[in-house]
Amino acid sequence: MNTDTFTYREVGATRLGPPPDGYHALHHRTRIGRGRPAFEAAGAAVTTFALHRRSGAGVAATTPRAEPGTGVRVSLGAGPLRVTVPCRVVWTAYERDRTGFAYGTLTGHPECGEESFVVELGEDGSVWFTVTAFSRPARWYTRLAGPLVPVLQRAYARRLGRTLARIAG
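Residue numbers (this note's numbering): 11 to 179.
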C-alpha cells in the first residue's frame, strides 16, 4: 500500500481558516489549565505525540516530535477491531503562546482530510486546547458508518482535552 500521497487537495487548510466545502467540520476547544508551566507541559505532550498515547492510541512516528513531513501511524481499537491509519504532519506551530501541529490523511486511511491539535496561552493566563478537523469518508465502511463517524471524532477530541488537562495539571 502506497502511503506517500495525501488523499485530499486542501493540504494545510486547518491552519489557514474555515474548513473547505464538502467535508464534515470539527472544532472542539477545551480549557486545560492556567499559566506558562501548564502551557509548556501541554505543548510538549501534543508535539511529542504523548497526548495521543496517553489517550489510548498507538502512535508510531518517524521523528520524536512533530515536524512538517513527519510520518505518523495512529492505531485505535483492540484485537481484530484495531485500525491503524497513515498520516503525515502538514504544519507545526512552535510559537511563544501557541504550540501544535496538524496531520493529513494518506492513501490507506479510512477518512480523507486533516486534523490539528493546538495549545494556546491566553493573555489572562488560561491555557486552551483546540482540535480542528475536516474529513469525509474514504472507504466503504466509513461511508456505511455515516453519522456515527463524526460522533466518534467529537468523543475522541473530548477525550484528548480531558487527558491534556490531566497532563497540564
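Quick reminder that beta carbons are idealized off the backbone N, C-alpha and C, glycines included.
Am I right that P160 and L36 are in contact with their C-beta atoms under 8 Å? What's the rounded C-beta distance? 7 Å
Roughly how many angstroms separate the alpha carbons of E130 and G22, rounded to a whole number?
19 Å
- Return the CA-CA distance between M11 and P30, expressed in angstroms with no decimal places. Model confidence at M11 stands at a pLDDT of 40, short of 50, so the residue's coordinates are unreliable; what they give is reported in the following sentence. Going by the C-alpha atoms only, they are around 27 Å apart.
Checking 9 Å against the spacing of the C-beta atoms, do E124 and T24 come in under that value? yes
Cα-Cα separation between E50 and R153, rounded to whole angstroms | 39 Å
(request) Within 10 angstroms of the Cβ of V84, are there 16 or more other Cβ atoms? Answer buried if so, exposed if not. (result) buried
| said: Report the CB separation of H34 from F144 in whole angstroms; it is logged as a contact under 8 Å. | reply: 7 Å
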